[in-house]
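K.L.:
Dropping a structure here in structure tokens format, bear with me for questions.
Residue numbers (the numbering used here): 46 to 526.
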């Protein structure tokens with residue numbers, strides 16, 4: 046039997062699998078929680094059988110260093126969920142190859158270089174200001190005759206500011222309101238499908254018999270919906286005379302022939318940038334705001350710093366970030382405790398390697414449990430406590446060099462947009478704190494901090510909060526419309 050053959054072959058320990066299903070029957074909707082619990086029993090490197098696929102999960106900073114740095118070359122391929130990733134010609138899901146290197150270099154030079162990030166700084170600041178104005182207008186319209194303060198849904202504003210920023214970077218314009226709503230719905234569905242998957246993705250023999258007995262209607266409907274939206278909102282750019290290169294899509298269309306990029310690759314690359322950028326940033330900020338409502342002393346300390354450095358006559362800008370060390374620590378602490386992707390996207394062994402003294406066979410899937418590492422008591426004192434001060438005590442890099450906190454990954458597969466994401470998170474969070482004081486709608490009521498299953502670690506219940514304008518917000522003239 047397959048499992049028995051591997052059982053004594055020096056692979057990492059783990060829960061005993063069952064015939065055909067492996068450990069799927071034991072998996073919780075939040076896989077990272079199952080992996081973390083098994084790691085407490087079997088150690089920081091474990092074997093889990095997802096159907097017939099051997100999956101190795103590492104949950105310590107030392108082992109993450111081995112996977113992402115020491116053995117990076119052998120572990121940089123992707124395990125792809127066939128239904129969601131198609132042929133793997135995009136950046137996120139392609140194997141490590143000359144094609145991947147070409148796409149990564151293109152993104153790094155054209156979109157995420159320091160020069161490009163700086164060129165679009167005013168755009169991000171404009172969107173942050175628009176977010177503040179939107180909140181103020183809603184607060185004014187929500188206050189009835191009784192002047193009772195009504196809560197706002199924080200996610201609504203975060204989704205808008207991040208999506209507008211990313212869409213203007215990508216296509217040089219904001220999506221219309223209906224386009225934005227549809228995009229948000231498609232992305233949420235895609236994260237759910239790709240994060241938990243179905244049994245068809247992991248049990249090989251069901252893929253063959255499924256075509257005889259049933260079809261995956263849910264995924265096919267989702268795919269058609271995504272294609273329809275994409276062609277209407279994005280690929281219409283092909284019909285526009287290219288007079289400037291401000292949008293990344295236009296740059297791609299200019300370079301399409303020169304770089305020998307297929308239409309599928311261009312579409313996949315654009316979808317990568319939109320989906321990876323739009324939701325991951327908003328997710329972290331929402332968690333951070335929830336933590337600061339739970340712990341108002343952290344919120345007040347960040348606001349005191351903003352008042353001291355920025356004052357109340359203007360809004361915070363990105364040029365203020367280097368002189369706002371506590372705000373930077375708040376962002377880092379949110380990334381440590383609540384990484385947007387608690388499990389790093391799955392790597393695949395291109396050859397047999399040894400990690401932590403155990404054998405990782407060629408073809409095995411490898412996960413790095415980012416959430417478990419960020420909450421490891423071996424690395425962090427009181428790891429479940431939201432305490433930004435821990436990052437004031439020592440300089441800690443969160444962009445791949447310190448393996449105790451890996452929100453953007455590390456090595457060859459590290460997120461190329463890490464610096465852009467850090468700038469946007471800090472700017473948006475800073476403006477939310479500078480312009481408003483945030484509190485729970487019901488004093489003393491506990492915030493639901495449970496997590497939603499899926500590829501991204503969203504709050505299960507969208508955060509609602511009371512927003513009280515501060516002096517900086519009152520200095521903003523509101524439009525009369």
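We put the beta carbon where it would ideally sit given N, CA and C, even for glycine.
Kindly give me the distance between the Cβ atoms of residue 180 and residue 206, rounded to whole angstroms, as I take these residues to be in contact under 8 Å.
P.N.:
10 Å between Cβ atoms; not a contact.
K.L.:
My guess is that residue 154 and residue 213 are in contact by the Cβ rule of under 8 Å, so how many angstroms apart are they, rounded?
P.N.:
With a Cβ gap of about 19 Å, residue 154 and residue 213 do not count as contacting.
K.L.:
Can you check which of these residues, 296, 420 and 385, is closest to residue 104 by C-alpha distance?
P.N.:
Of the candidates 296, 420 and 385, the one whose C-alpha sits nearest the C-alpha of residue 104 is 420.
K.L.:
Quick check on residue 122: does DSSP put it in helix, strand or coil?
P.N.:
In this structure, residue 122 counts as strand in the three-state DSSP scheme.
K.L.:
Where do the ends of the beta strand (DSSP E) carrying residue 410 lie?
P.N.:
That run of the beta strand (DSSP E) goes 410-413.
K.L.:
Tell me whether residue 202 sits in a helix, a strand or coil according to DSSP, three-state version.
P.N.:
Residue 202 falls in the helix class under three-state DSSP.
K.L.:
Looking at the secondary structure, which residues open and close the beta strand (DSSP E) in which residue 92 lies?
P.N.:
Residues 90-95.
K.L.:
Below 8 Å, can you find three or more Cβ-Cβ pairs linking the stretch 492-501 to the stretch 461-480?
P.N.:
No, because fewer than three Cβ pairs between the stretch 492-501 and the stretch 461-480 fall closer than 8 Å, the two stretches do not touch.
K.L.:
Report buried or exposed for residue 518, applying the criterion of at least 16 other Cβ atoms within 10 angstroms of its Cβ.
P.N.:
That one is buried.
K.L.:
Could you tell me whether the Cβ atoms of residue 293 and residue 113 are closer together than 7 Å?
P.N.:
Cβ distance not < 7 Å, so residue 293 and residue 113 don't count as in contact.
K.L.:
Excluding the five sequence neighbours on either side, which residues of its own chain have a C-beta within less than 6 Å of the C-beta of residue 308, listed in chain order?
P.N.:
Closer than 6 Å at the Cβ level, and outside the excluded window around residue 308, lies no residue.
K.L.:
Would you mind sorting residue 402 into buried or exposed? The rule is 16 or more other CB atoms within 10 Å of its CB.
P.N.:
So residue 402 counts as exposed.
K.L.:
Taking the alpha-carbon positions, what's the residue 94 to residue 60 distance?
P.N.:
Answer to the nearest angstrom: the Cα atoms are 9 Å apart.
K.L.:
If you compare alpha carbons, which of 503, 381 and 508 is closest to residue 452?
P.N.:
Among 503, 381 and 508, the Cα nearest to that of residue 452 is on 381.
K.L.:
Nearest CA to the CA of residue 404: which residue from 64, 375 and 99?
P.N.:
Closest by alpha carbon: 99.
K.L.:
Based on DSSP bridge pairs, tell me the residues matched to residue 108.
P.N.:
Residue 108 is not bridged to any residue.
K.L.:
For residue 304 and residue 136, which I take to be in contact (beta-carbon distance under 8 Å), what is that distance rounded to the nearest angstrom?
P.N.:
Actually they do not touch by this definition, with Cβ atoms about 13 Å apart.
K.L.:
Alpha carbon to alpha carbon, how far is residue 62 from residue 97? Give it in angstroms, no decimals.
P.N.:
Approximately 9 Å between the Cα atoms of the pair.
K.L.:
Quick one: using the 10 Å Cβ neighbour count with 16 as the cut-off for buried, is residue 537 buried or exposed?
P.N.:
As displayed, the chain neither begins before 46 nor continues past 526, which places residue 537 out of reach and without an answer.
K.L.:
Measuring CB to CB, does residue 106 end up less than 7 Å from residue 435?
P.N.:
No, these two residues do not count as a Cβ contact at 7 Å.
K.L.:
How many Å lie between residue 302 and residue 296 at the Cα?
P.N.:
Each residue's Cα considered, the two are about 11 Å apart.
K.L.:
Let's test the definition: count the other Cβ atoms within 10 Å of the Cβ of residue 85 and tell me whether it reaches 16, buried, or not, exposed.
P.N.:
The residue in question, residue 85, is exposed, as its Cβ has fewer than 16 Cβ neighbours within 10 Å.
K.L.:
For residue 407, list the residues DSSP reports as bridge partners.
P.N.:
Note: residue 407 sits in no beta bridge, so no partner.
K.L.:
Just checking my contact of residue 117 with residue 456 at CB under 8 Å: how many whole Å lie between their CB atoms?
P.N.:
Right, the Cβ-Cβ distance comes to about 4 Å (below 8 Å), so this counts as a contact.
K.L.:
Measuring alpha carbon to alpha carbon, tell me which of 187, 109 and 323 ends up nearest residue 231.
P.N.:
Comparing Cα-Cα distances from residue 231 to each of 187, 109 and 323, the minimum goes to 323.
K.L.:
Can you tell which of 91, 74 and 73 has the C-alpha that lies nearest to the C-alpha of residue 399?
P.N.:
The candidate whose alpha carbon is nearest that of residue 399 is 91.
K.L.:
Starting from residue 399, trace the beta strand (DSSP E) in both directions and tell me its first and last residue.
P.N.:
First-last of the beta strand (DSSP E) with residue 399: 398-400.
K.L.:
Quick check on DSSP: helix, strand or coil for residue 367?
P.N.:
Of the three classes helix, strand and coil, the one that applies to residue 367 here is helix, per DSSP.
K.L.:
Below 8 Å, how does it come out for the stretch 504-517 and the stretch 478-494: are there three or more Cβ pairs, yes or no?
P.N.:
Yes, the stretch 504-517 is in contact with the stretch 478-494.
K.L.:
Helix, strand or coil: how does DSSP classify residue 341 here?
P.N.:
Residue 341: helix per DSSP, three-state reduction.
K.L.:
For residue 386, which of helix, strand or coil comes out of DSSP?
P.N.:
Residue state, collapsed to three classes: coil.
K.L.:
Under a three-way DSSP split, which group does residue 508 fall into?
P.N.:
Of the three classes helix, strand and coil, the one that applies to residue 508 here is coil, per DSSP.
K.L.:
Determine whether the beta carbon atoms of residue 388 and residue 371 lie at a separation below 7 Å.
P.N.:
No. Outside cutoff.
K.L.:
Could you tell me the distance, in whole angstroms, from the CA atom of residue 233 to the CA atom of residue 515?
P.N.:
Cα to Cα, residue 233 sits roughly 33 Å from residue 515.
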